[in-house]
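Residue numbers for the sequence shown follow our numbering, beginning at 483 and rising by one.
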Amino acid sequence: MTETAVKLSSRGGPGPRGKAGRPVRSKPVGRRSAVAYLFLAPFLILFSVFVLGPAIYGLWISLHIWNPLLDDHPFVGLQNYIDLFTPGSLTSGDFWKSMGATGIFTVASVPLLLVIPLGIAMLLNNKVRGGSVFRGIFFAPYVLGVAVISVLWRYLLDPQLGVVNALIGQDIPWTVQVPWAWISLVGITVWWTLGLNTIILLAGLKGISAELYEAAAIDGAGPWRKFTSVTLPGLRPVMTFVVTVTILASANMFGQAYLITKGGPGTDTRTAIMYIADQGLTQNQMGAATAMSYLLFAVLAAVSVLNFRLQRDNT
């Protein structure tokens, strides 16, 4: 209720009334705001302590040569960031190679994590006997942890002892050579996470009015025309969310490559997160690692903003 409505109600004007016709007293705006902030307080405290505070502290660390084993942390300003763009520096080559590996995985996995879940969601959106069972089957792998998934597929895809090679009668180096290592990582990730996108897209499909499909059918639209003129426009807000979340998740891939290929062969499948973790936690180069983290964050933020702008312009 607006302040004007509150004032009219307090003066006995045409404000909201109860069942007995008596004016309903509204709580003051300031009091309602206080109640809202009271309920938000736990989240704001946790956000400040575990997200905002570490982010600011990390930005401060990125401006230093920061080794946690040493007492002295020399201030170097933006040198850690400059080194990332300086060919021949200690971190530039390996960092951009790991960014390239992250790009390969993202470009290869995101389209599959959109097209396959959308196709499955459209099938499940029809009245299929046992639809709930199929939804559970597709979503079941997602509830498993990355360690379980990785250990399971590492043994299944083992080049010498794996069940997959035994079944197909081939000797394919699934985890020790490229491009097979990338095929394995992308395939495992798609199988593992497509259930979440399927459920989200299925909810979006159920939100599209059936009358739109009936109107399209009256106009003589076929299945493809209905898909491009009704389904895709109706799913645009949901697709924007799914695309953004999928890109962010793929760009932050760590567990599968760490546990299955260990970044190999060589460092071909070492993603940016793996290299940042190695520099910060193993090499104790916290300043350089946090600078890489903020650069990766800037890239992902730019991609997310661009995605939202493109979707908004197409609305």
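Each residue gets a CB set at the ideal place from its N, CA and C atoms; glycine is no exception.
Quick caveat: nothing in here was measured; it's all calculated off a predicted structure.
Under the three-state reduction of DSSP, F736 is assigned to coil, being neither helix nor strand. Where I665 is concerned, the enclosing alpha helix (DSSP H) starts and stops at 662-688.
Each residue's CA atom was taken as its position, placing N608 and I602 some 10 angstroms apart. The beta carbons of A754 and G762 sit no closer together than 9 angstroms.
One alpha carbon belongs to Q659, the other to L714, and they sit about 38 angstroms apart.
When the Cα atoms are used, A583 and R707 turn out to be separated by approximately 38 angstroms. When the beta-carbon positions are compared, I654 and W662 come within less than 9 angstroms of each other. Take the alpha-carbon of R514 and the one of L676: they are about 42 angstroms apart. Non-local C-beta neighbours of R636 in its own chain, meaning closer than 8 angstroms and more than five positions away in sequence, comprise T657, L741, I742, ordered along the chain. For F736, the closest alpha carbon among the candidates G745, V720, I729 is that of G745.
Considered as a whole, the segment 697-758 harbours 705-708, 714-733 as its complete alpha helix (DSSP H) runs of no fewer than 4 residues, in chain order. The Cβ neighbour count for G686, taken over all protein chains shown within 10 Å, is at least 16; the residue is labelled buried.
In this structure, DSSP gives F557 an extended state, which the three-state scheme calls strand. The continuous alpha helix (DSSP H) containing L600 extends over residues 574-607.
Secondary structure note for G613: its alpha helix (DSSP H) is the uninterrupted segment 613-621. Under the 10 Å beta carbon count, P719 is surrounded by fewer than 16 other beta carbons and is classified as exposed. Of V633, I619, L545, Q561, the smallest CA-CA separation from Q738 is found for V633. For W542, the uninterrupted alpha helix (DSSP H) segment begins and ends at 535-543. Counting along the chain, V625 sits inside no alpha helix (DSSP H), nor does DSSP assign it H or E at all.
As the crow flies, the alpha-carbon of V645 is around 11 angstroms from that of Q652. Scanning its chain for C-beta atoms nearer than 6 angstroms, with the 5 sequence neighbours on each side dropped, one finds no residue around L520.
No residue range can be given for N549, since it is assigned to no alpha helix (DSSP H) and is classified by DSSP as neither H nor E. Bounds of the alpha helix (DSSP H) holding N647 are 645-650. A contact between stretches requires three or more CB pairs, one per stretch, nearer than 8 angstroms, and the segment 771-784 fails this requirement with the segment 586-605. By the Cβ-count criterion, P599 is buried, with 16 or more other Cβ atoms from all chains shown falling within 10 Å of its own Cβ. Distance from the CA atom of N766 to the CA atom of T749, rounded to whole angstroms, is 19 angstroms. At the C-beta level, L596 and V724 come within 9 angstroms of one another.
The beta carbon of S732 is closer than 7 angstroms to those of F587, T588, S591, V592 in its chain, skipping five residues each way along the sequence. Non-local beta-carbon contacts of T764 in its own chain, meaning distances under 7 angstroms to residues more than five positions away in sequence, are absent. Looking at V672, I543, L643, S580, the one whose alpha-carbon comes closest to that of V628 is V672. Close CB contacts of L694 within its chain, under the 6 angstroms cut and outside five residues either way in sequence, are with V712 (chain order). A direct Cα-to-Cα measurement between A697 and I681 gives close to 26 angstroms.
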